[in-house]
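Peer 1: I have a structure I would like to understand better, so I am pasting it below and will then ask my questions one at a time.
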Amino acid sequence: MEQPGGLYVVALWLPAPAVIQVGALGRIEFFHGSYFYIGSAARGLERRLARHKALRSKTLRWHIDYLRRKSRWEGAAAFPSDGGECLLARNVAAIMEGVVAYPRFGASDCRCAGHLVHAAISPAKALVRLRTMSAAMTPPDDGVVVDKLIPSSKGALTR
Ligand SMILES: [Zn+2]
């Protein structure tokens, strides 16, 4: 049986500033720091997160794939679908005291500012806030979320 879908936030750490070619968006200059990518999977949420984490795919399919190659995986959290990605992106920006990293990043199918948030927050603090946020938004009997966090693995820095 197919796994359920839902919204998710992937937390990444970019250790140094970088200019990265991001598909059709072109070359983007990224500051160093924490990045939060807000996405949705119609189904197979865990599989999607595993893909983002592993980056085994040679196909650069989503905008986030380009940034992912240059950054360190910090963790991910699942969220209920109500409200949609755009609202979740705004909430993440508020909670992380961050800003939309680049207009339209990850937001090809909607009209909001973008689904990538940049913040100066440390990865450790960010994960605490992400867990708190995820737990608060999910009914306890829903069975999704906090235990679906995929923690950072040692030496996960990708090139
Ligand atoms: Zn949006």
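Numbering (my numbering), first residue to last: 1051 to 1209. C-beta atoms are modelled at their ideal positions from N, C-alpha and C, and glycine is treated no differently. Just so it is clear, the structure is predicted and the values come from calculations on it, not from any experiment.
How long is the line joining the alpha carbons of ASP1197 and ALA1127, rounded to whole angstroms?
Peer 2: As a working note, residue 1197 is residue 147 in the sequence shown. As a working note, residue 1127 is residue 77 in the sequence shown. In this predicted model, ASP1197 has a pLDDT of only 39, less than 50, meaning its place in the structure is not dependable enough to derive any value.
Peer 1: Rounding to the nearest angstrom, what Cα-Cα distance links LEU1075 and LEU1057 in this structure?
Peer 2: As a working note, residue 1075 is residue 25 in the sequence shown. As a working note, residue 1057 is residue 7 in the sequence shown. Answer to the nearest angstrom: the Cα atoms are 23 Å apart.
Peer 1: List the whole-angstrom C-beta distance separating PHE1080 from LEU1117, where the pair is believed to meet the contact cut-off of C-beta under 8 Å.
Peer 2: Residue mapping note: residue 1080 aligns to position 30 of the sequence shown, counting from 1. Residue mapping note: residue 1117 aligns to position 67 of the sequence shown, counting from 1. Indeed they touch by this definition, with Cβ atoms about 7 Å apart.
Peer 1: Name the residue from PRO1065, LYS1108, ALA1139 and ARG1106 whose alpha carbon lies nearest to the alpha carbon of GLY1089.
Peer 2: If you number the sequence shown from 1, residue 1089 lands on position 39. Nearest of PRO1065, LYS1108, ALA1139 and ARG1106 to GLY1089, Cα basis: ALA1139.
Peer 1: Counting only runs of 3+ residues fully inside the stretch 1077 to 1151, write out the beta strand (DSSP E) ranges in chain order.
Peer 2: Correct list: 1083 to 1093 and 1122 to 1129.
Peer 1: Residues around ligand 1, please: the ones whose beta-carbon is closer than 5 Å to some heavy atom of it, in chain order.
Peer 2: My final list is CYS1136, ALA1157, CYS1160 and CYS1162.
Peer 1: Going by beta carbon distance, what residues of the same chain come within less than 6 Å of VAL1072, once the five residues before and after it are set aside?
Peer 2: Indexing the sequence shown from 1 puts residue 1072 at position 22. So the list reads ILE1078, HIS1113 and TYR1116, once near-sequence residues are dropped.
Peer 1: Among residues of its own chain, excluding the 5 on either side of ALA1143, which ones have a beta-carbon nearer than 7 Å to its beta-carbon?
Peer 2: Here the question's residue 1143 lines up with position 93 in the sequence shown. The answer, listed in chain order, is VAL1149, VAL1150 and VAL1167.
Peer 1: Going by C-alpha distance, which of ARG1097, PRO1153 and GLU1124 is nearest CYS1136?
Peer 2: As a first step, residue 1136 is located in the sequence shown; it is residue number 86 there, counting from the start. Selected option, being the one with the closest Cα: PRO1153.
Peer 1: Can you have a look at VAL1069 and say buried or exposed, based on whether 16 or more other CB atoms are within 10 angstroms of its CB?
Peer 2: As a first step, residue 1069 must be located in the sequence shown, where it is residue number 19. Exposed is the call here.
Peer 1: Would LEU1062 pass as a contact of GLU1124 if the rule is Cβ separation under 9 Å?
Peer 2: In the sequence shown, counting from the first residue as 1, residue 1062 sits at position 12. In the sequence shown, counting from the first residue as 1, residue 1124 sits at position 74. It is a contact, given that the beta carbons lie within the stated cut-off.
Peer 1: In chain order, what residues of the same chain lie with their CB nearer than 7 Å to the CB of LEU1177, ignoring the 5 residues before and after it?
Peer 2: As a position in the sequence shown, residue 1177 is number 127, starting the count at 1. So the qualifying residues of the chain are ALA1061, GLU1124 and GLY1125.
Peer 1: If you draw a straight line from the C-alpha of MET1187 to the C-alpha of GLY1134, how long is it?
Peer 2: Within the sequence shown, numbered from 1, the residue matching residue 1187 stands at position 137. Within the sequence shown, numbered from 1, the residue matching residue 1134 stands at position 84. The straight-line gap from Cα to Cα measures roughly 13 Å.
Peer 1: Spatial neighbours of ALA1214 within its chain, please: C-beta separation below 6 Å, excluding the five flanking residues on both sides.
Peer 2: The shown model of the chain, from 1051 to 1209, leaves out residue 1214, and the question about it has no answer.
Peer 1: Just the Cα atoms here: how many angstroms apart are ARG1106 and LEU1095?
Peer 2: Counting from 1 along the sequence shown, the entry for residue 1106 is found at position 56. Counting from 1 along the sequence shown, the entry for residue 1095 is found at position 45. Cα-Cα distance, rounded: 17 Å.
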